[in-house]
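What follows is a set of notes on a single structure, which appears directly below.
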Amino acid sequence: METRRLQFLVELSRLGSMRAVADVQRTTTSTVSQQIAVLAREVGTALIEPQGRRVRLTPAGRRLAEHAVTILAAVEAARLDLAPGSEPNGTLRVAGFATAIRSFLLPVVLDLAESHPHVRVLVREHEPAEALALLAADEVDLALTYDYTLAPAVEDRGVRVTDLWTARWGLGVPAGAEFDDEATMDVFDRFRAHDWIVNSRNTADETVIRTLASMAGFTPCITHQADSLDLVQGMIAARLGVGLLPLGTVTIAGVRLIPLTAPNVELRAYAVARHGRLNWPPLALVTQCLIEQTAAEGFSG
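Quick note: the sequence shown uses the working numbering, first residue 1, plus one each step.
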């Protein structure tokens, strides 16, 4: 089987239309259709079937697409394994969320300037869904992402996920209220009448808030959105609402941070790469440096 045909099938499984595959692969819809038809003849079974005006993969097509991910990863790994030179050398493209970049990636970049001057890191700030889309489109080599224990990310067998760190989160509220040690449900119940602040570019924290509010017996009023945690604090201090913040946050005047327990709310951070790519020396190096950097900062993996 020709690997380009397998790539067409994998992209059809991911994107859902031949036109989208043609756009990503910079070819024509007719070429995509012809190559998948040839692949079907090679394996001796139908790989696609009509679905309205579009097509979808047959069960055999879905199964072959799963195998194709492994096959293409192995081919890529073999190509990278034959690359000359053991010293990491090249440009690594990274997309990740702001905290991961500022607190962990940038110190790594500074160290690499001394220890591995031939490794160049290009940085793009993106929330997890955006970073993973760039990774799938092969526009970046590494995605720094996160999810929450109460809002786990959907598993994707097409990528390799490396655990980096976990961090407890709490509820940021206007200063002034006195609290004893209370369970999360009690804390949430106290603020059921308040407006709530969520991330403007990622739905995970909203999922956490809605889940906990439901457990406490109410529907939260999601009113404000902000991507910057500094801005979230400013909005809380201005008494616009309440929202989730990392427990290690240094709060500004007018903000109090209440730990959430029973259940805990934990953010889990990851380094995500496409299968087969971690054999590439610059990617392997930066991933390992990130693991060591999080350990040096005292974060659990």
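Glycine is no exception: its CB is placed at the ideal position from the N, C-alpha and C atoms.
A quick note: this is a predicted structure, and the numbers were derived from the prediction, not measured.
C-alpha gap between residue i and residue j, whole angstroms
{"i": "R63", "j": "I48", "result": "12 Å"}
{"i": "A78", "j": "V255", "result": "53 Å"}
{"i": "T287", "j": "A100", "result": "12 Å"}
{"i": "L285", "j": "P88", "result": "7 Å"}
{"i": "G276", "j": "R4", "result": "16 Å"}
{"i": "A262", "j": "A216", "result": "12 Å"}
{"i": "L6", "j": "L72", "result": "8 Å"}
{"i": "E271", "j": "L278", "result": "What sits at residue 271 in the sequence shown is Ala, not Glu. Near 11 Å, if we compare the C-alpha coordinates of L278 and A271."}
{"i": "E125", "j": "A213", "result": "30 Å"}
{"i": "Q225", "j": "E206", "result": "10 Å"}
{"i": "R19", "j": "D227", "result": "33 Å"}
{"i": "V140", "j": "A175", "result": "42 Å"}
{"i": "E76", "j": "A238", "result": "52 Å"}
{"i": "A273", "j": "T31", "result": "29 Å"}
{"i": "L283", "j": "G172", "result": "36 Å"}
{"i": "V24", "j": "A153", "result": "25 Å"}
{"i": "P59", "j": "A129", "result": "27 Å"}
{"i": "A46", "j": "A133", "result": "29 Å"}
{"i": "L290", "j": "L164", "result": "7 Å"}
{"i": "E182", "j": "L247", "result": "15 Å"}
{"i": "E2", "j": "R53", "result": "28 Å"}
{"i": "A22", "j": "R56", "result": "15 Å"}
{"i": "E11", "j": "G158", "result": "11 Å"}
{"i": "D189", "j": "S103", "result": "33 Å"}
{"i": "R201", "j": "E127", "result": "6 Å"}
{"i": "P84", "j": "E155", "result": "Low per-residue confidence applies at P84: pLDDT is 47, beneath 50, and the placement is therefore not dependable, though the value from the model is reported in the following sentence. Straight-line Cα distance between these residues: approximately 34 Å."}
{"i": "G234", "j": "L240", "result": "9 Å"}
{"i": "Q34", "j": "R26", "result": "15 Å"}
{"i": "T166", "j": "A269", "result": "6 Å"}
{"i": "H116", "j": "W280", "result": "15 Å"}
{"i": "V198", "j": "A98", "result": "16 Å"}
{"i": "G61", "j": "T223", "result": "44 Å"}
{"i": "P112", "j": "E297", "result": "Note on identity: in this sequence residue 112 is Leu, with Pro being the wrong assignment. Whole-angstrom Cα-Cα distance: 18 Å."}
{"i": "A253", "j": "T211", "result": "29 Å"}
{"i": "V187", "j": "T203", "result": "22 Å"}
{"i": "E42", "j": "T70", "result": "18 Å"}
{"i": "I236", "j": "V265", "result": "19 Å"}
{"i": "L105", "j": "A74", "result": "28 Å"}
Status (buried if at least 16 other CB within 10 Å, exposed otherwise) for residue i
{"i": "C221", "result": "exposed"}
{"i": "I36", "result": "buried"}
{"i": "L110", "result": "exposed"}
{"i": "L135", "result": "buried"}
{"i": "F218", "result": "exposed"}
{"i": "Q293", "result": "buried"}
{"i": "D147", "result": "buried"}
{"i": "G44", "result": "exposed"}
{"i": "L92", "result": "buried"}
{"i": "V302", "result": "A query on residue 302 cannot be resolved here, the shown segment of the chain reaching from 1 to 301 and no further."}
{"i": "T184", "result": "buried"}
{"i": "A193", "result": "exposed"}
{"i": "A40", "result": "buried"}
{"i": "P50", "result": "exposed"}
Beta-carbon spacing of residue i, residue j below 8 Å
{"i": "G90", "j": "V119", "result": "yes"}
{"i": "L245", "j": "L260", "result": "no"}
{"i": "S17", "j": "A65", "result": "no"}
{"i": "V242", "j": "F191", "result": "yes"}
{"i": "L15", "j": "A68", "result": "no"}
{"i": "T145", "j": "A131", "result": "yes"}
{"i": "A143", "j": "G96", "result": "yes"}
Integer Cβ distance of residue i from residue j, believed to fall under 8 Å
{"i": "L267", "j": "W169", "result": "6 Å"}
{"i": "A295", "j": "V208", "result": "Going by Cβ atoms, the distance from A295 to V208 rounds to 26 Å, so no, they are not a contact pair."}
{"i": "L122", "j": "V94", "result": "7 Å"}
{"i": "L229", "j": "T251", "result": "Between T251 and L229 the Cβ distance is about 11 Å, and since that is not below 8 Å, they are no contact."}
Practice task
Write down every uninterrupted run of the alpha helix (DSSP H) in the stretch 41 to 82 whose length is 4 residues or greater and which is fully enclosed by it, in chain order.
Solution key: 59 to 81
Problem - 4-residue-minimum alpha helix (DSSP H) runs that sit fully inside the stretch 182 to 257, ordered along the chain - result: 184 to 190, 204 to 216 and 229 to 237
Exercise for the section: Output the residue ranges of the alpha helix (DSSP H) runs that lie fully inside the stretch 91 to 162 and measure 4 residues or longer, sorted by chain position. Expected result: 106 to 115 and 128 to 136
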